[in-house]
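Going letter by letter, the sequence shown gives residues 705 to 1203 in my numbering.
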Amino acid sequence: MTSSKKRDITTFIMQTLTIYNSLTTQKEKFKPLKDGYVGMYVCGPTVYSNVHLGNVRTFMSFDMIYRYFLHLGYKVRYVRNITDAGHLTDDASEDKISTKARLEQLEPMEIVQKYTVDFHQILEKFNFLPPSIEPTATGHILEQIKAIQTIIANGLAYEVNGSVYFDVLKYNETENYGVLSKRNIEDAIENTRVLDGQSDKKNPQDFALWKKAEPEHIQRWESPWGVGFPGWHLECTVMSTKYLGEEFDIHGGGMDLKFPHHECEIAQAQACNHVSPVRYWMHGNMLTLNGKKMAKSTGNNILPGEIFTGNNKNLSKSFSASVVRFFMMQAHYRSVLDFSNDAILAAEKGFQRLMDAIKLLDNLSPSNNSTVAIEKWKDRCYEAMNDDFNTPILIAHLFEGVKWINLIHSQKETISKEDLELLKSTINAFVFDVLGLEKESAAGNNSDKLDGVVELLISLRNQARENKDWALSDKIRDELLALGIQLKDGKEGTKYSIN
Ligand code: AMP
Ligand code: ZN
């Protein structure tokens, strides 16, 4: 293929990408502000505890989206922040990081460091690409103070007793507070009154841009309004527009951030710059466990570390990072995904089937002609991704490829040299570059080998028990335990976990 023909095809693929925009509640053709460039901001974690699999899901959805843009040849500036100050507890009485620092008797920055390191280590295990910029709230206090001054000067914020609040009713006279969440202002009042512990606000739905620090509050900065700390919503407005411009292409986050966080971001940016900041708002849906949202606060969650060891009451065994990635990619990012042991076991089987076929790819011999239509299949893969990043449909197409690989391998279908190259490059591009699955696991990862070895020992132990050879059965159990592998006898047989 000539390089200009290839360029035309890539341009065509770029131009047919559609994205579901939460702002318009419609799928729209993606047209970046500047041809060939994408600016994308995603709300990062609040680093006061370990990330759970639900958090990982949202970040993974945007990792896949970032990867697909890169694959299409876009130059992407991907900004994902670290919230290390200002995120208040649900009763709005205190900052989450300060609270944790007091509980653990550590400096707030020790808490931040501990959980930022954890976050990075976990994401690396799941093969995430690092963002282009990872700014922190505490690194942008001056910019936040300046933004507050602008909003006050524009008449949309007021100071009371050392705190500054955004005047939602005033803003709503000319703009639409609710444009993203589709809530009307009365709903907003209903929802904020319960959480409102502040009597100094003009209206309960007003939100803090700057909060006065009480004496026990340990994260504190000087400001024109006295010593305090910035509100959580403000950091994202300031950091996104600083690095991506007053108007930029994509802003993402979990569905639960739509209101109030993203609604407030729009209001603040409008109040500062008189322009709606984001062209495409994207929201990933929740990962649930036992039908309920995985959350830090309720304890209804699984930590990535527990997945890798199998040490969680919801798990029968350990699973590799690529199996978890495959499990997540089998659902569309806008659908709720329920985690269960059965579902991840099924994902493991599917993942293995995909990897087994990929192993065969290198040994397939081409024929003079093809009985399989690879070019059209490749187009279908792009169509799936161009339809709002539809990874489950993409994976269904990849399994059509798997079926062909197996048929060609058993000589029931044939493939030409050119088509074989196309099949290989397409599979590699989608499986490894776009979905971010890892080859290392393709070779049969160590967790599979460990599974096999432990299963073998479990069956030898069962035989020993049948023969009433208690000495041997105990020896197997105890020596595995000494190696950190605990056998658990239950109704459905013996399972194991790694301590
Ligand atoms: P947080 O650290 O609580 O600010 O959350 C970080 C990101 O994880 C946000 O984008 C949340 O929307 C997202 N998130 C939290 N819980 C879940 C969940 N159960 N499923 C998917 N995403 C979640
Ligand atoms: Zn944010």
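The beta carbon of each residue, even a glycine, is placed where N, CA and C say it ideally should be.
Where Y947 is concerned, the enclosing alpha helix (DSSP H) starts and stops at 936-948.
For Y875, the three-state secondary structure derived from DSSP is helix. Nearest neighbour of Y984 by Cα position, chosen from G1009, Q974, I954, turns out to be I954. The shortest CA-to-CA distance from D1155 to any of S1044, I1189, L1185 is the one to I1189. In this structure, I1006 and L757 form a Cβ contact; the two beta carbons are roughly 5 Å apart against a cut-off of 8 Å. Near ligand 2, meaning a beta-carbon closer than 5 Å to one of its heavy atoms, we find C747, C940. Taking a contact as a CB-CB distance under 8 Å, the pair K733 and T722 counts as one, their CB atoms being some 6 Å apart.
Looking at N1166, S867, E808, D1066, the one whose alpha-carbon comes closest to that of E926 is S867.
At the C-beta level, G956 and V746 come within 8 Å of one another. Take D1092, set aside five residues on each side of it, and the residues of its chain with a beta-carbon closer than 7 Å to its own are T722, I723, Y724, K731, in chain order. Per the Cβ contact rule, the segment 763-780 is not in contact with the segment 1002-1017 (fewer than 3 Cβ pairs under 8 Å). Across the structure, L1111 and A1050 are spaced so that their CA atoms are roughly 23 Å apart. Here the distance from the Cβ of D767 to the nearest heavy atom of ligand 1 is not below 7 Å.
Excluding its 5 nearest sequence neighbours in each direction, I1099 has C-beta neighbours in its own chain below 7 Å: M1033, Q1034, listed in chain order.
If you check the C-beta of P749 against ligand 1, you find a heavy atom less than 7 Å away. The alpha-carbon of N1072 is positioned some 23 Å away from that of D1083. In this chain, H965 is not harboured by any beta strand (DSSP E), its DSSP state being neither H nor E. DSSP places D1042 inside the beta strand (DSSP E), whose first and last residues are 1041-1043. Note on T1130: 16 or more other CB atoms within 10 angstroms of its CB, so buried under the neighbour-count rule. Counting the other Cβ atoms within 10 Å of the Cβ of Y741 gives fewer than 16, which makes it exposed.
Boundaries of the alpha helix (DSSP H) harbouring N759: 757-775, taken from the DSSP string.
Within the same chain, D904 come within 6 Å of V864 by CB-CB distance, once the 5 residues on both sides are set aside.
Of all alpha-carbon atoms in H824, D788, I717, M813, the one lying nearest the alpha-carbon of L774 is that of I717. Its Cα nearest to that of N994, the residue N1045 stands out among I1062, H978, N1045. Looking only at W929, E1183, S726, G777, the smallest Cα-Cα distance to I713 is reached by G777.
About 16 Å separates the CB atoms of C940 and N759; that is not less than 8 Å, and the two are not in contact. Annotated three-state conformation of V821 is helix, per DSSP.
Assigned with DSSP and collapsed to three states, F1103 falls in helix. Judged by DSSP secondary structure, F911 falls outside any alpha helix (DSSP H) and instead within the beta strand (DSSP E) spanning 911-916. In the assembly as shown, H978 is an exposed residue. Its beta-carbon has fewer than 16 other beta-carbons within 10 Å.
Assigned with DSSP and collapsed to three states, S708 falls in helix. Counting along the chain, the unbroken alpha helix (DSSP H) around I801 starts and ends at 800-808. According to DSSP, R781 shares a beta bridge with G743. For the options G988, D1182, G1140, A1025, the alpha carbon positioned closest to that of M768 is the one of G1140. Inter-residue distance for P736 and Y875 is about 28 Å (C-alpha atoms, whole angstroms). Taking each of N858, W1174, F870, R771 in turn and checking the Cα distance to C968, the smallest one comes out for F870.
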